[in-house]
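Numbering (my numbering), first residue to last: 57 to 379.
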């Protein structure tokens with residue numbers, strides 16, 4: 057069962073469902089909402105409903121839903137990556153359907169036994185049911201997908217992302233379907249321990265080493281992931297030391313400069329290296345050039361008795377012929 061779920065998640069992470077299938081599901085939901093609203097309003101007022109009128113109303117609902125979805129491209133958005141700002145497309149499509157249905161019910165439909173106010177209640181109810189159902193369908197898909205990922209990837213490394221800026225949130229999104237890391241939330245250095253949610257994940261704060269240790273033990277955190285090199289420098293003498301003392305791994309998302317000639321990253325997340333703490337590019341010394349520069353020359357080394365001066369003398373004596 058687990059292997060089947062893993063294969064399914066791998067397929068869905070690399071492929072997308074046909075957009076026309078999404079259009080069909082949205083259209084079906086809209087038609088069912090119209091059916092429910094039509095039957096419901098006639099049941100409430102105690103009148104018998106006409107099958108011919110019901111079919112006409114559903115036909116208008118289907119046609120207006122398809123046109124609305126095509127106009128606002130609601131079916132082309134990848135559901136599992138949907139955001140709140142994407143709801144405007146669904147809202148506009150539903151409003152278009154509601155307006156078309158209102159025009160048909162009030163001005164075209166003949167033999168209607170409902171009063172004007174009752175027709176208005178029907179149209180508004182249909183729009184509300186449709187909007188709630190379409191949003192609910194997407195929420196169910198996202199929650200189900202996230203739950204399946206959580207079931208399959210329980211053995212992944214549990215990490216916290218340091219920081220709450222745009223790069224941290226983007227990193228969380230990029231690692232959403234990672235087969236190696238499970239993002240347990242965000243962490244920041246702050247004395248304010250109020251409960252906050254960012255990108256559907258908890259933001260944890262710590263003010264000292266004991267706070268951090270409690271956080272790590274409570275949530276079984278195995279690593280802290282940095283999105284920015286600046287954050288590593290800021291936390292060099294605090295968070296990095298905390299992690300080192302309690303055995304928590306420190307990781308970094310590589311910068312664009314670490315991509316190869318094809319723009320690919322060989323390690324999307326890697327452990328923090330000592331070079332990351334320099335605050336500058338590593339200086340690579342060309343010993344052959346240095347040897348050629350000082351070869352057969354008389355060198356005066358000031359402070360030769362010190363640690364740096366004595367090491368400099370040893371390097372010169374070993375590498376080149378000097379006096």
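Each residue gets a CB set at the ideal place from its N, CA and C atoms; glycine is no exception. Since we're looking at a predicted model, the values are computed, not measured.
Original post:
Taking C-beta to C-beta, are residue 186 and residue 86 nearer than 8 Å?
Top reply: Residue 186 sits at position 130 when you count from the first residue of the chain shown. Residue 86 sits at position 30 when you count from the first residue of the chain shown. In this structure, residue 86 lies closer than 8 Å to residue 186 by Cβ.
**OP:** Identify whether residue 351 lies in helix, strand or coil by the three-state DSSP scheme.
**Re:** For this step, residue 351 is matched to residue 295 along the chain shown. Coil.
Original post:
According to DSSP, which residues form a beta bridge with residue 327?
Top reply: Residue 327 sits at position 271 when you count from the first residue of the chain shown. DSSP output for residue 327 lists 307 as bridge partner(s).
Original post:
When you compare only the Cα positions, how much space is there between residue 271 and residue 277?
Top reply: For the purposes of this step, residue 271 is taken as the residue at position 215 of the chain shown. For the purposes of this step, residue 277 is taken as the residue at position 221 of the chain shown. Between residue 271 and residue 277, the C-alpha separation is close to 8 Å.
Subject >> Cα-Cα separation, residue 143 to residue 198 >> reply: In the chain shown, residue 143 corresponds to position 87, counting from 1. In the chain shown, residue 198 corresponds to position 142, counting from 1. Taking the straight line from one Cα to the other gives about 14 Å.
**OP:** With a floor of 4 residues, list each alpha helix (DSSP H) that falls wholly inside the stretch 115-196, ordered by position along the chain.
**Re:** 143-159
Original post:
Anyone know if the C-beta pair for residue 310 and residue 284 falls short of 8 Å?
Top reply: Counted from its first residue, the chain shown places residue 310 at position 254. Counted from its first residue, the chain shown places residue 284 at position 228. It is not a contact, given that the beta carbons lie outside the stated cut-off.
Original post:
Is the stretch 83-98 touching the stretch 107-125, taking contact as three or more C-beta pairs under 8 Å?
Top reply: yes
**OP:** Could you check what DSSP says for residue 89 in three-state terms: helix, strand or coil?
**Re:** Mapped onto the chain shown, residue 89 falls at position 33. In this structure, residue 89 counts as helix in the three-state DSSP scheme.
**OP:** Pull up the distance between the alpha-carbon of residue 371 and that of residue 248, whole angstroms please.
**Re:** By one-based count along the chain shown, residue 371 stands at place 315. By one-based count along the chain shown, residue 248 stands at place 192. Using only the alpha carbons, I get a separation of about 52 Å.
Subject >> the stretch 225-233 contacting the stretch 254-266, beta-carbon criterion three pairs below 8 Å >> reply: yes
Subject >> Residues near residue 258 by beta carbon distance below 6 Å, same chain, minus five either side >> reply: If you number the chain shown from 1, residue 258 lands on position 202. Answer for residue 258: 241, listed in chain order.
Original post:
Is it buried or exposed for residue 182, if we count other Cβ within 10 angstroms and need 16 for buried?
Top reply: One-based indexing of the chain shown puts residue 182 at position 126. Its Cβ being crowded by 16 or more others within 10 Å, residue 182 is buried.
Subject >> Span separating the alpha-carbon of residue 359 from that of residue 282 >> reply: Here the question's residue 359 lines up with position 303 in the chain shown. Here the question's residue 282 lines up with position 226 in the chain shown. If you take the alpha carbons of residue 359 and residue 282, they lie about 41 Å apart.
Subject >> Whole-Å CB distance - residue 375 paired with residue 347, under 8 Å assumed >> reply: Numbered from its first residue, the chain shown carries residue 375 at position 319. Numbered from its first residue, the chain shown carries residue 347 at position 291. At roughly 5 Å, the Cβ-Cβ gap stays under 8 Å, so residue 375 and residue 347 are in contact.
Subject >> CB-CB length for residue 244 against residue 220, believed under 8 Å >> reply: Position 188 of the chain shown holds residue 244. Position 164 of the chain shown holds residue 220. Between residue 220 and residue 244 the Cβ distance is about 6 Å, and since that is below 8 Å, they are a contact.
Subject >> With 16 other Cβ atoms within 10 Å as the buried cut-off, status of residue 200 >> reply: Translated into the one-based positions of the chain shown, residue 200 becomes position 144. So residue 200 counts as exposed.
Subject >> DSSP-derived helix/strand/coil call for residue 220 >> reply: The residue labelled residue 220 in the question sits at position 164 within the chain shown. Three-state DSSP puts residue 220 in coil, outside helix and strand.
Subject >> residue 217, buried or exposed, once every other Cβ within 10 Å from all chains shown has been counted against 16 >> reply: Taking the chain shown and counting its residues from 1, the one referred to as residue 217 is at position 161. It counts as buried.
**OP:** Please state whether DSSP places residue 301 in a helix, a strand or coil.
**Re:** For the purposes of this step, residue 301 is taken as residue 245 along the chain shown, with counting starting at 1. Helix.
Subject >> The alpha helix (DSSP H) enclosing residue 374, as first and last residue numbers >> reply: The residue given as residue 374 occupies position 318 in the chain shown. That run of the alpha helix (DSSP H) goes 363-375.
**OP:** Verify whether the separation of the beta carbon atoms of residue 76 and residue 94 is less than 8 Å.
**Re:** Within the chain shown, the letter at position 20 stands for residue 76. Within the chain shown, the letter at position 38 stands for residue 94. Contact: no.
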